[in-house]
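Using UniProt numbering, the first residue of the sequence shown is number 1, and each one after it goes up by one.
Input: a single structure, listed below in C-alpha cells.
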Amino acid sequence: MGGRGRRPPGPPAPGGDGHARDRGSVTVEAALALCSLAVFLAVAVGAVAAVTASVRCTDAARELARLAARGEPDRGRAVAAAVAPGGAELSLTAGDGAVDGATVVAEVSARLFAPLPLRVTGRAVAAVEPGVAG
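What follows is the structure, encoded as C-alpha cells:
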C-alpha cells in the first residue's frame, strides 16, 4: 500500500483529471449572476418609476378636470402642473355631455425616461357644474 500509484500533491498534470480547465469558472458564473441581478434591479426600479409617474399623471388630470369643471381652469393648470411629473404636458378640452350638459376632459402625459420613447398618460373627465359658463 505505501502510496504506490498515487501522484504527489500539486497541480494536476496536463490532460489529467480536468480540474485545471474548471479553474475560474466560478468567477465567470458569479460575474454573470451579478450582471443578471443588476439588470433585474434596473427593470424593477423602472417599473416602480413608471407606476409612480402614471399615478401622478392621473392625479394631475383629475385635479385639472375638477377645477376646470368648477370654472377655475387657470388654477387647475397651476395645481396640475404642481402634481404632475416634471415636463408633463397638460391638455384641457371641452367634451359633450353623455346625458345632459357639458364635460371637460383633462389629459396629462409625461415622458418616462429621456432616452427611451416611453410616455405615461392620465386622463380624467368631469361634468361642468351648473352655473359655470362653458
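For each residue, glycine too, the CB sits at the ideal point set by N, CA and C.
Quiz item: Can you give the beta carbon distance from Ala61 to Ala106, rounded, assuming they're within the 8 Å contact cut?
Solution: The residue labelled residue 61 in the question sits at position 61 within the sequence shown. The residue labelled residue 106 in the question sits at position 106 within the sequence shown. Between Ala106 and Ala61 the Cβ distance is about 4 Å, and since that is below 8 Å, they are a contact.
Quiz item: Would DSSP call Arg62 helix, strand or coil?
Solution: Residue mapping note: residue 62 aligns to position 62 of the sequence shown, counting from 1. Helix, per DSSP.
Practice problem: Determine the direct distance from the alpha carbon of Asp59 to that of Phe113, and round the result to whole angstroms. | Solution: One-based indexing of the sequence shown puts residue 113 at position 113. One-based indexing of the sequence shown puts residue 59 at position 59. Cα-Cα distance, rounded: 20 Å.
Exercise. For the alpha helix (DSSP H) holding Arg119, just list the boundary residues, first then last.
Key: The count along the sequence shown starts at 1 and reaches residue 119 at position 119. Run containing Arg119: none in the alpha helix (DSSP H); it sits in the beta strand (DSSP E), 119 to 127.
Exercise. Keeping to the same chain, check which residues put their C-beta closer than 6 Å to that of Gly71; ignore five residues upstream and five downstream.
Key: As a working mapping, residue 71 is identified with position 71 in the sequence shown. Counting only Cβ-Cβ distances below 6 Å, and skipping sequence neighbours, we find Val132.
Quiz prompt | Range of the contiguous beta strand (DSSP E) that encloses Ala84 | solution = Here residue 84 corresponds to residue number 84 of the sequence shown, with the count starting at 1. Neither: Ala84 is in no beta strand (DSSP E) and is coded neither H nor E.
Quiz item: So, using beta-carbon positions, are Leu67 and Arg75 closer together than 9 Å?
Solution: The residue given as residue 67 occupies position 67 in the sequence shown. The residue given as residue 75 occupies position 75 in the sequence shown. The answer is yes: Cβ separation under 9 Å.
Quiz item: Opposite Leu90 in the DSSP bridges: which residues?
Solution: Position 90 of the sequence shown, counting from 1, holds the residue named residue 90. Looking at the DSSP assignment, Leu90 forms a beta bridge with Val108.
Exercise. Report all residues from its chain with a CB closer than 6 Å to the CB of Ser54; omit the five preceding and five following residues, and keep chain order.
Key: Counting from one through the sequence shown, the residue named residue 54 turns up at place 54. Here the set comprises Val120.
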